[in-house]
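Below is one structure, written out as structure tokens; the observations come after it.
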């Protein structure tokens, strides 16, 4: 006979492994801070599921091995699944249905994947890292399209942060965000318009003129185009203010 004294000890739930997946700037996977090495085919499978979400086996095989016969693609998928489960048990959801990453896996691209505002803390880290692309050096069709989408999303978030700061009466902060945007893509004119707007709002006319000269030369040399009407309006405003200031100094 078993005799117990006092209340029964509460069951301690098993601790879940903390999976973190990085796709921006290159593939890297860690579990509770320890790097996990995966074979190349397993990396591609993990990245595909992270980018595209849950996917049935047929669609996954067709997308990842589009140039192969169906039977061969299915065999390659089975091999990739075996290698992945051996190298990283628990990374995939335990399901007989669609393939998916397990709940709780942290993926860096999710900060840019939604339609809502991008977290400012993530955006600062992303900008400080040079706005790295999704899986550079990978040329699968499903990577190329998502890479362009995330790149646009990051640049738009930087520009939105710049515009919001300028509207809030903090052109210095707006200039910082705008310069991050043009550093990530020097040929994107919308970022340069925000740089000039922030400079003019803060009264830095000489800075605006220098930046205007840089942009005009850059667009001509790299793209063979002239500034848009919107950008020219800001450039003319900088020139007008400079002329007024020079007139006052002479008078």
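Numbering (this note's numbering), first residue to last: 66 to 316.
Every residue gets a Cβ at the ideal spot worked out from N, C-alpha and C, and that includes glycine.
As the structure is a prediction and not an experimental result, all values here were calculated from the model.
Within 7 Å, strictly: CB atoms of residue i and residue j
i: residue 90; j: residue 197; result: yes
i: residue 156; j: residue 84; result: yes
i: residue 245; j: residue 261; result: no
i: residue 173; j: residue 87; result: yes
i: residue 178; j: residue 187; result: no
i: residue 285; j: residue 300; result: no
i: residue 250; j: residue 220; result: yes
From the options, residue whose alpha carbon lies closest to that of residue i
i: residue 247; options: 237, 236, 259, 176; result: 259
i: residue 138; options: 110, 153, 303, 306; result: 110
i: residue 114; options: 132, 158, 135; result: 158
i: residue 214; options: 272, 92, 229, 116; result: 116
i: residue 154; options: 189, 211, 166; result: 166
i: residue 100; options: 152, 274, 142; result: 152
i: residue 256; options: 271, 228, 164, 272; result: 228
i: residue 164; options: 189, 182, 145; result: 145
i: residue 290; options: 191, 180, 252; result: 252
i: residue 307; options: 273, 288, 287; result: 273
Residues that DSSP places opposite residue i in a beta bridge
i: residue 293; result: Beta-bridge pairing links residue 293 to no other residue.
i: residue 157; result: 166
i: residue 177; result: Looking at the DSSP assignment, residue 177 forms no beta bridge with any residue, so it has no partner.
i: residue 128; result: Note: residue 128 sits in no beta bridge, so no partner.
i: residue 186; result: In DSSP, residue 186 forms no bridge with anything.
i: residue 120; result: 164
i: residue 320; result: There is no way to answer for residue 320, as the model of the chain reaches only from 66 to 316.
i: residue 172; result: 86
Where the beta strand (DSSP E) through residue i begins and ends
i: residue 84; result: 84-87
i: residue 96; result: 93-96
Cβ-based neighbour list, residue i, same chain, cut-off 8 Å, excluding 5 preceding and 5 following
i: residue 148; result: 103, 104, 106, 107
i: residue 79; result: Bear in mind that the predicted position of residue 79 carries a pLDDT of just 47, short of 50, making it unreliable; the figure below should be weighed with that in mind. Excluding positions up to five away in sequence, the list is empty.
i: residue 231; result: 239, 259, 262, 263, 266
i: residue 67; result: Because the pLDDT at residue 67 is just 36, under 50, the model does not fix this residue reliably, and the value given afterwards should be weighed accordingly. So the list is empty, once near-sequence residues are dropped.
i: residue 77; result: With a pLDDT of only 45 at residue 77, under 50, the local geometry of the prediction cannot be trusted, and the value read off the model is given with reservation. Here the set comprises nothing.
i: residue 292; result: 254, 280, 281, 284, 300
i: residue 309; result: none
i: residue 72; result: Its pLDDT being 42, under 50, residue 72 is placed unreliably in this model, and the coordinates cannot settle the point.
i: residue 312; result: none
i: residue 171; result: 83, 84, 85, 86
Spatial neighbours of residue i in its chain, beta-carbon cut-off 6 Å, leaving aside the 5 residues before and after
i: residue 304; result: none
i: residue 226; result: 242
i: residue 121; result: 163
i: residue 69; result: Only weak support is given to the placement of residue 69: the predicted model assigns it a pLDDT of 36, under 50, and the value that follows is read from those uncertain coordinates. The answer is none, since no qualifying residue turns up.
i: residue 141; result: 130
i: residue 269; result: none
i: residue 218; result: 177
Start and end residues, alpha helix (DSSP H) containing residue i
i: residue 207; result: 206-232
i: residue 275; result: 270-288
i: residue 236; result: 236-249
i: residue 141; result: 135-152
i: residue 266; result: 254-266
i: residue 111; result: 105-117
Sequence-distant residues of its chain with Cβ nearer than 7 Å to residue i (five each side left out)
i: residue 297; result: none
i: residue 295; result: 258
i: residue 112; result: 88, 92, 200
i: residue 216; result: 198
i: residue 128; result: 113, 207
i: residue 74; result: Bear in mind that the predicted position of residue 74 carries a pLDDT of just 42, short of 50, making it too unreliable to give a figure here.
i: residue 125; result: 113, 142, 164
i: residue 237; result: 267
i: residue 314; result: none
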